[in-house]
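Residue numbers (the working numbering), protein chains in the order written: chain A, 85 to 398; chain B, 176 to 647; chain C, 6 to 273. The block underneath contains the structure these notes are about, expressed in structure tokens.
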Amino acid sequence: MLGRTAQNLFWLSRYIERAENMARMFEVGYRMSLTSRREGSASEHLISMMQAAEVDEGFNLKYKQADVNAVAHYMLFDEENYSSVRSCLLAARTNARSVRTALTLDMWESINSAWLEFSAIRPRDVNGAKLQELLGWIKQVSHRYRGALLSTFLRDSGYAFSQLGNFVERADNTARILDMKYYVLLPRASLVGSDVDVAQWTMILRAASAHRSYRHVYHDRYKAWNIADYLILRSEMPRSLSFCVDWINRTIDMLEDIYGTRTKGHDAADSVTALLADATVDRIFEYGLHEFLTEFIHRNNQITEALAESYNFY
Amino acid sequence: MSATPFDEMHNADGSVREPYLILEEWLKEQPPQALSLMSNDAESLFRRLGITFAVYGSNEGSEKLIPFDIIPRIVSAIEWRKLSKGIEQRVRALNAFLHDIYHRQEILKAGRVPEKLILNNSAFCPEMMGLDPARGVYSHIIGVDMVRVGPDDWYVLEDNLRTPSGVSYMLENREAMLQLAPELFQRYKVASVETYPETLRRTMESVAPAGVNGAPNLVVLTPGIHNSAYFEHSFLADQMGAELCEGQDLFVENGKVYMRTTTGPERVDVIYRRIDDDFLDPLTFRPDSMLGVPGLFDAYRAGTVTLVNAPGTGIADDKAVYTYVPEIIEFYLGEKALLKNVPTYNCTDLDQRAYVLEHLQELVVKEVHGSGGYGMMVGPASTKAMREEFRRKILARPDNYIVQPTLALSTCPTFVDRGIAPRHVDLRPYVLVGDDIRITPGGLTRVALKKGSLVVNSSQGGGTKDTWVLEE
Amino acid sequence: MLITIRHKLSLTLGPGIVRSVQHVLLTPQAGPAQTVREWAIDMPGFADAASFLDGFGNRAQLVSQHRPEAELVVSVSGVVETIDRNGVIGRVAGEPPPTLYRRPSPLAKAAGAITSKFRSGPKGGQGRIALLHDLMARVEEVVGGTPQQTQSQSQGGQSQSQSQGEAVTAAAAADFAHAFIGAARGLEIPARYVTGYVAEHGEDAYWHAWAEAWDEGLGWIGFDPTLGYCPTDKHVRVAVGLDAGSVPPVRSVPVIAAPVVELTVAGQ
């Protein structure tokens, strides 16, 4: 397999996953701006959400006011925002065209039709209920692609690179969604544990589609401790860091089986694994949740670099 | 050349020509709306598969579908046999010409083709001098553009010897027809075109460099996804099981060509390159090329890799050299040309230029190095302003234009808004040259969808049809 | 005459280059006027280079390096035995037909100031050789008057610095040769560009360029318009081509903004 093909498959999956996560992040910020007026203005919620998504700087260069329309446009449709849903879907399709011969017809069709449908949408028509509908549709696009991948893709190195891209990106996003709490919401210590805090934790869980499954796992009220445990350490939770790291290890081991050698990619995966290995929620809070997540994001990023070097991505 | 175009379906008395009899019957059986539904199905099929072409000068993502006409064009076995003999003759002679031009240049010494026309031509590639490509083949993949003006009266418009495109449309059009009208295939015996990718593979393998053990490693070299024919590049790579590479995927080391794989360098033996000569290798050709592979041409000269097609083949399909093809055939094969050349006026000749300028309204003017229907003017469809513009252009640079009479392109029944109507068509059959010359029975029929239009190029609103060659 | 050559070129590739390739034209071939006794080229990657004949019949090498040093040094050394044939090279088997060298090329353009004088004269038979000698003299007259002005355009392909006095000479020689070639082609006479070395008056051999023109009777004949005479046993031929751009001693990719090529030749 060409190094570039591996690279394209890896990033194709990342972009699809990112498009989905951008939609999730936006949805959280949007809902907070609609409902949680007590602990901040609508635009504060949207800004904190953009900080977590690391799109705030670009936004501030273009807009003075963080209102829902501007933020929606920037995060969903803006071509100049490299992380916007539009940019992600276009990048995914561009990558897919580059490796058209390495994809199954179902995978190609899911991306191609997603892009064709998305590019036909006129941003100014999207508001109110339409906006919610679009956010749902974006998640469906991601599910369709993953479904096609899981049910039609040959389990060889191409599959491994796709899965790696998927879970490296998801781990990154989950870590960022969690970190959103720490960027702006915790400083006012008096509010910790209050109703307001709970409302915000709910949003975090929603962003990870975890607000209902949480109940099944914990049979308890929303509590910061549980939520951190759930999104970081619970291996049965498909968006948790632990779950993502399991899959990263599983697929990178698959590459070792196929190619017969361990690479720097394995070392990088080991380094992320080590961070979670002995972790408990107590220790994480003691270390500092924000510090822990920052370190996780850093180590997780290094997997991409190590893969690029080990498998001749460029 | 008669003024009334040849109707491929009907005789002059209105009766249906033999190859179309069954089709006629089938069309009558179709309930109203059936064709229109089929046409919609075809469009969504193509769109889903991503068979699009990018239009130059338009935005990213604005890819167009080439309209597909659901009524096949049908050529009888006898008609095809005559046609393919003519094509084979032409291809043989043009490869011999290329070999001569890049070796002893006997045809120039004999004065049969003007020396300046070749040596001063920008399409002539001095770097190719003295090189002996595998099996003496320069152009392995050829698409000959032809038009028909009578039952057995075919003219060659252009011999595309560089990197002809469109073969993927030939294959996908057949695929679409098989899905849309399987019952029609039961009534006709249509020669298969599906073997093309396998034949291409075989052709490439047959010209592998000496010393390759086992199956040669084949790749398709594409300029990338922004190229208008990218779909075709990926399609062909996929169909023949070759890696689809961009310039950045290949590199030259120790005089050999390698591709970068996830497990390290892998040797490459035969490259079907869809990058133009100028951009192929910045070490030898344009130094600013970002698409090519530095050192590739030297590796080719050193005999460690085969390029398909060879660089410098453009000298044989140059529009100005085209007029000499009948001479070329006689010189190398000692035969009369079986296919006709369109008479061509040379604007550098004062008498011919005077005639051209007086008769612009009846003539077709083409830029010598133009393609894709750009830079051309079809006299009968031109406006006064266009004719004035071309008059100025010809006077300014007479050597930059060739002028030909307007041919009465044949028509085929075509499904349009108001039902079925005749529209003008051309034909591009595909030829592969390696250990043998193989012509795929069929080809790409392009159809001018606008009533009366003679411009069939997809970039100018043309469509395509499936081309059926009947078996005996 | 035995000519000993030591020639060093250095090429700045710049830092951080992953792969670099060169097309090297620094290998003289045996011919009617010369026999190569010893020849060696020393540069990174040369041991694994592909060696082949280029389109003009020159011996060329394709050399490559993985992660090369920022500075690439090429050292050439050898001994060539020459005889004086008054510049006559004749016909060489395997070379392209001489008519190829009537093709116009970007660096060798016919200058009206030179050709106008010869337009009406005889161009074939005995007359041709006399004409070519006149042409050589005329080039010296016209180009010789303004050597500075033409230097910059003459190295072709890649701009090269003239940090050495000899390099200036080489650049000027290219201008003379181009003027001669352009004029000869303007008169429909095939003419080509020659690179090589010259060892004058028992001094050190230096890198040089001259021209060859075609005569139906004698074949290729050398003309050195810089020195004003036909090549003798002081000349060592290395490569021929359409102009300097088609036969630089070393052509390299990547081409960075301002590559510096130093040409220094030491003889004995």
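C-beta: ideal position from N, C-alpha, C; glycine also.
Check your understanding: Under a three-way DSSP split, which group does residue 61 (chain C) fall into?
Key -> Reduced to three states, the DSSP call for residue 61 (chain C) is coil.
Point to revise | Sequence-distant residues of its chain with Cβ nearer than 7 Å to residue 292 (chain A) (five each side left out) | key: Cβ-Cβ distances below 7 Å link residue 292 (chain A) to 258, 261, 315, 323 in the same chain, with the five nearest sequence neighbours on each side left out; the list follows chain order.
Review point. Does any CB atom of chain B fall closer than 9 Å to the CB of residue 14 (chain C)?
Key: It does not; no Cβ of chain B falls within 9 Å.
Exercise for review: Check whether the stretch 625 to 639 of chain B touches the stretch 239 to 256 of chain B, taking contact to mean three or more Cβ pairs, one atom from each stretch, closer than 8 Å.
Suggested key: In short, these stretches touch, since the Cβ pair count reaches three.
Exercise for review: Could you pull out every unbroken beta strand (DSSP E) segment of at least 3 residues lying fully inside the stretch 349 to 415 of chain B, listed in chain order?
Suggested key: 393 to 397, all fully within the stretch 349 to 415 of chain B.
Point to revise | Collapsed DSSP secondary structure at residue 382 (chain A) in the structure displayed | key: Here residue 382 (chain A) sits in helix by DSSP.
Check your understanding: From residue 182 (chain B) to residue 195 (chain B), what distance separates their C-alpha atoms?
Key -> Taking the straight line from one Cα to the other gives about 11 Å.
Review point. Is any heavy atom of the ligand HEM found at a distance shorter than 8 Å from the C-beta of residue 217 (chain C)?
Key: The ligand HEM is absent from the structure shown, which contains no ligands of any kind.
Practice item. Assess, as a yes-or-no matter, whether the stretch 466 to 475 of chain B is touched by the stretch 413 to 432 of chain B under the definition of 3 or more beta carbon pairs within less than 8 Å. Key: The stretch 413 to 432 of chain B vs the stretch 466 to 475 of chain B: in contact.
Check your understanding: chain A partners of residue 419 (chain B), CB-CB under 7 Å?
Key -> Annotation: Cβ neighbours of residue 419 (chain B) in chain A (cutoff 7 Å, chain order): 185.
Check your understanding: Exposed or buried, what is residue 181 (chain C) when buried is set at 16 or more other beta-carbons lying within 10 Å of its beta-carbon?
Key -> Counting every other CB atom within 10 Å of its CB across the protein chains shown gives residue 181 (chain C) a total of 16 or more, marking it as buried.
Review point. Since residue 551 (chain B) sits in a beta bridge, which residues does DSSP pair it with?
Key: Residue pairing by DSSP places residue 551 (chain B) opposite B:541 in a beta bridge.
Check your understanding: In three-state DSSP terms, what is residue 166 (chain A)?
Key -> Looking at residue 166 (chain A) - three-state DSSP - the assignment turns out to be coil, as it is neither helix nor strand.
Point to revise | Burial state of residue 125 (chain A) (16 or more Cβ within 10 Å) | key: Exposed, since its Cβ has fewer than 16 Cβ neighbours within 10 Å.
Review point. Thinking C-beta only, is residue 102 (chain C) closer than 9 Å to residue 650 (chain B)?
Key: The requested residue 650 (chain B) does not occur in the structure, where chain B is confined to residues 176 to 647.
Review point. For residue 321 (chain A), which of helix, strand or coil comes out of DSSP?
Key: Coil.
Review point. Since residue 77 (chain C) contacts residue 15 (chain C) with CB under 8 Å, what's their CB separation in whole angstroms?
Key: Contact annotation, residue 77 (chain C) with residue 15 (chain C): C-beta distance approximately 7 Å; criterion of less than 8 Å satisfied.
Check your understanding: Under the three-state reduction of DSSP, which class applies to residue 477 (chain B): helix, strand or coil?
Key -> DSSP places residue 477 (chain B) in the coil class of the three-state scheme, outside both helix and strand.
Check your understanding: Is there a Cβ from chain C that is less than 9 Å from the Cβ of residue 541 (chain B)?
Key -> Taking 9 Å as the CB threshold, residue 541 (chain B) stays off the interface with chain C.
Exercise for review: Name the one or two DSSP bridge partners that residue 243 (chain B) has.
Suggested key: Beta-bridge pairing by DSSP links residue 243 (chain B) to B:639.
Review point. Should residue 199 (chain A) be labelled buried (16 or more other beta-carbon atoms within 10 Å of its own) or exposed?
Key: Residue 199 (chain A) should be labelled buried.
Review point. Are the stretch 580 to 599 of chain B and the stretch 615 to 629 of chain B touching, with three or more C-beta to C-beta distances below 8 Å?
Key: The stretch 580 to 599 of chain B vs the stretch 615 to 629 of chain B: in contact.
Exercise for review: May I ask you to list, following chain order, the residues of the stretch 185 to 216 of chain A that have a beta carbon less than 9 Å from some beta carbon of chain B?
Suggested key: Only 185, 186, 189, 192, 193, 196, 197, 199, 200, 203 from the stretch 185 to 216 of chain A bring a Cβ to less than 9 Å from some Cβ of chain B.
**Study point:** Contact list for residue 448 (chain B) against chain C, beta-carbon separation under 8 Å
**Key:** Those within 8 Å of residue 448 (chain B) in chain C number zero; the least Cβ separation is about 17 Å.
Check your understanding: Using a beta-carbon distance below 9 Å, is residue 35 (chain C) in contact with chain B?
Key -> Chain B, which has no Cβ nearer than 9 Å to the Cβ of residue 35 (chain C), makes this no.
Review point. By DSSP, does residue 146 (chain C) sit in helix, in strand, or in coil?
Key: Reduced to three states, the DSSP call for residue 146 (chain C) is helix.
Exercise for review: Could you please tell me which residues of the stretch 236 to 264 of chain A, in chain order, have their CB closer than 7 Å to any CB of chain B?
Suggested key: In summary, the residues of the stretch 236 to 264 of chain A whose CB is separated from some CB of chain B by less than 7 Å are 241, in the order they occur in the chain.
Exercise for review: Taking 9 Å as the cut-off, decide whether the C-beta atoms of residue 132 (chain A) and residue 233 (chain A) are in contact.
Suggested key: For residue 132 (chain A) and residue 233 (chain A), no; Cβs fall outside 9 Å.
Exercise for review: Whole angstroms is fine: what's the gap from residue 317 (chain A)'s alpha carbon to residue 218 (chain A)'s?
Suggested key: Residue 218 (chain A) has its alpha-carbon roughly 31 Å from the corresponding atom of residue 317 (chain A).
Practice item. Kindly list the residues whose CB is nearer than 8 Å to the CB of residue 87 (chain A), restricted to its own chain and excluding five residues on each side of it in sequence; keep chain order. Key: Non-local beta-carbon contacts of residue 87 (chain A) in its own chain, meaning distances under 8 Å to residues more than five positions away in sequence, involve 395, 396, 397, 398 in chain order.
Exercise for review: Note down, in chain order, every chain B residue with its Cβ under 8 Å from the Cβ of residue 71 (chain C).
Suggested key: Contact of residue 71 (chain C) with chain B by beta-carbon distance below 8 Å involves 428.
Check your understanding: Which value, in whole angstroms, describes the spacing of the CA atoms of residue 215 (chain C) and residue 95 (chain C)?
Key -> Distance between the alpha carbons of residue 215 (chain C) and residue 95 (chain C): 16 Å.
**Study point:** For residue 51 (chain C), the three-state DSSP class (helix, strand or coil)
**Key:** Residue 51 (chain C) falls in the helix class under three-state DSSP.
Review point. Contact check, residue 285 (chain A) vs residue 365 (chain A) under 8 Å by CB: the rounded distance?
Key: Cβ atoms of residue 285 (chain A) and residue 365 (chain A) stay farther apart than 8 Å, at about 14 Å.
Review point. At least one CB of chain C closer than 9 Å to the CB of residue 434 (chain B): is that the case?
Key: Output row for residue 434 (chain B): interface = no.
Practice item. Return the first residue and the last residue of the beta strand (DSSP E) that residue 88 (chain C) is part of. Key: Boundaries cannot be given for residue 88 (chain C), as no beta strand (DSSP E) includes it and DSSP labels it neither H nor E.
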